[in-house]
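Residue numbers (our numbering): 26 to 194. So the structure is just underneath, and the comments pick up after that.
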């Protein structure tokens, strides 16, 4: 049985996936255009088809307030964590959760035929980062970023979802 769409649609698995060419501003513009939140995963596909991830909140904590950060390549930021990859039809939901628990950053990227269809995130601990406003994310994205500019770098995105419950994380 494959990784189900139901698991991929859970709020903690919300994501934006971009190419390695995306700037910080483009990635955050794509996030905002899809009503993304600070806890969403920003997933980057490297040119060798490997993947890495962070959250918008982690990115903001590191780069917020730094002049010119929106123009920097997201892939150049050293806070990205390598992500393991599985094909959707090769593992089931319990296996996907287990693999996520054991992977760097607690996240796996789920592909179907080589294209990203989702992520599975196994929260291992609660973050100490404060929730961000869309204004803070917009500030880091950069006012000069044209929302149409993200189209060439966007690979996939989750549908809008509610924040994950912090209880038991």
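Heads up, the beta-carbon is just placed ideally off N, CA and C, and yes, glycines get one too.
Should the region 136-150 be called in touch with the region 45-55, which here means at least 3 C-beta pairs below 8 Å?
-> Taking 8 Å as the limit for Cβ pairs, the verdict is that the region 45-55 does not touch the region 136-150.
Counterpart residues of residue 143 in DSSP-defined beta bridges = The residue you call residue 143 lines up with position 118 of the chain shown. Checking the DSSP bridge columns, you'll see residue 143 partnered with 135.
Nearest candidate by alpha-carbon position, reference residue 63, set 70, 73, 39 and 34 = Locating residue 63 in the chain shown gives position 38, counting from the first residue. Of the candidates 70, 73, 39 and 34, the one whose C-alpha sits nearest the C-alpha of residue 63 is 39.
Identify whether residue 27 lies in helix, strand or coil by the three-state DSSP scheme.
-> Reading the chain shown from its first residue, position 2 is the one you call residue 27. Under the three-state reduction of DSSP, residue 27 is assigned to coil, being neither helix nor strand.
Taking Cβ positions, are residue 108 and residue 133 nearer each other than 8 Å?
-> Within the chain shown, the letter at position 83 stands for residue 108. Within the chain shown, the letter at position 108 stands for residue 133. Taking 8 Å as the Cβ cut-off, residue 108 and residue 133 qualify as a contacting pair.
What's the call for residue 169, buried or exposed, on a 16-neighbour Cβ count within 10 Å?
-> Taking the first residue of the chain shown as position 1, residue 169 is located at position 144. With a pLDDT of 45 at residue 169, under the threshold of 50, the modelled position of that residue is not reliable, and no figure is offered here.
What distance in whole Å lies between the Cβ atoms of residue 80 and residue 67, which are believed to be in contact at a cut-off of 8 Å?
-> For the purposes of this step, residue 67 is taken as the residue at position 42 of the chain shown. For the purposes of this step, residue 80 is taken as the residue at position 55 of the chain shown. Going by Cβ atoms, the distance from residue 67 to residue 80 rounds to 7 Å, so yes, they are a contact pair.
How close, in whole Å, do the beta carbons of residue 102 and residue 84 come, if the pair is a contact with beta carbons under 8 Å?
-> Your numbering for residue 102 matches position 77 in the chain shown. Your numbering for residue 84 matches position 59 in the chain shown. Rounded, the Cβ-Cβ distance is 7 Å, consistent with contact.
Label residue 130 either buried or exposed according to how many other C-beta atoms from any shown protein chain fall within 10 Å of its C-beta, with 16 as the threshold for buried.
-> As a first step, residue 130 is located in the chain shown; it is residue number 105 there, counting from the start. Around the CB of residue 130, 16 or more other CB atoms lie within 10 Å, so the residue is classed as buried.
Taking residue 27 as the reference, give the member of 125, 115 and 143 with the closest Cα.
-> In the chain shown, residue 27 corresponds to position 2, counting from 1. The option with the nearest alpha carbon to residue 27 is 115.
Taking C-alpha atoms, which residue in 59, 34, 31 and 49 lies nearest to residue 87?
-> Looking up residue 87 in the chain shown gives position 62. Nearest Cα to residue 87 within the set 59, 34, 31 and 49: 49.
So residue 148 packs on residue 32, CB below 8 Å; how close in whole Å?
-> Locating residue 148 in the chain shown gives position 123, where the first residue counts as 1. Locating residue 32 in the chain shown gives position 7, where the first residue counts as 1. Cβ atoms of residue 148 and residue 32 stay farther apart than 8 Å, at about 14 Å.
With 16 other CB atoms within 10 Å as the buried threshold, where does residue 91 fall?
-> The residue you call residue 91 lines up with position 66 of the chain shown. Exposed is the call here.
Just to confirm, are residue 145 and residue 125 a CB contact at a threshold of 8 Å?
-> By 1-based counting over the chain shown, the position of residue 145 is 120. By 1-based counting over the chain shown, the position of residue 125 is 100. A Cβ-Cβ contact shorter than 8 Å links residue 145 with residue 125.
For residue 118, which residues of its own chain have a beta-carbon under 7 Å away from its beta-carbon, when the five flanking residues on both sides are left out?
-> Here residue 118 corresponds to residue number 93 of the chain shown, with the count starting at 1. Apart from sequence neighbours up to five positions away, the residues of its chain that approach residue 118 with a beta-carbon distance below 7 Å are 28, 29 and 32, ordered along the chain.
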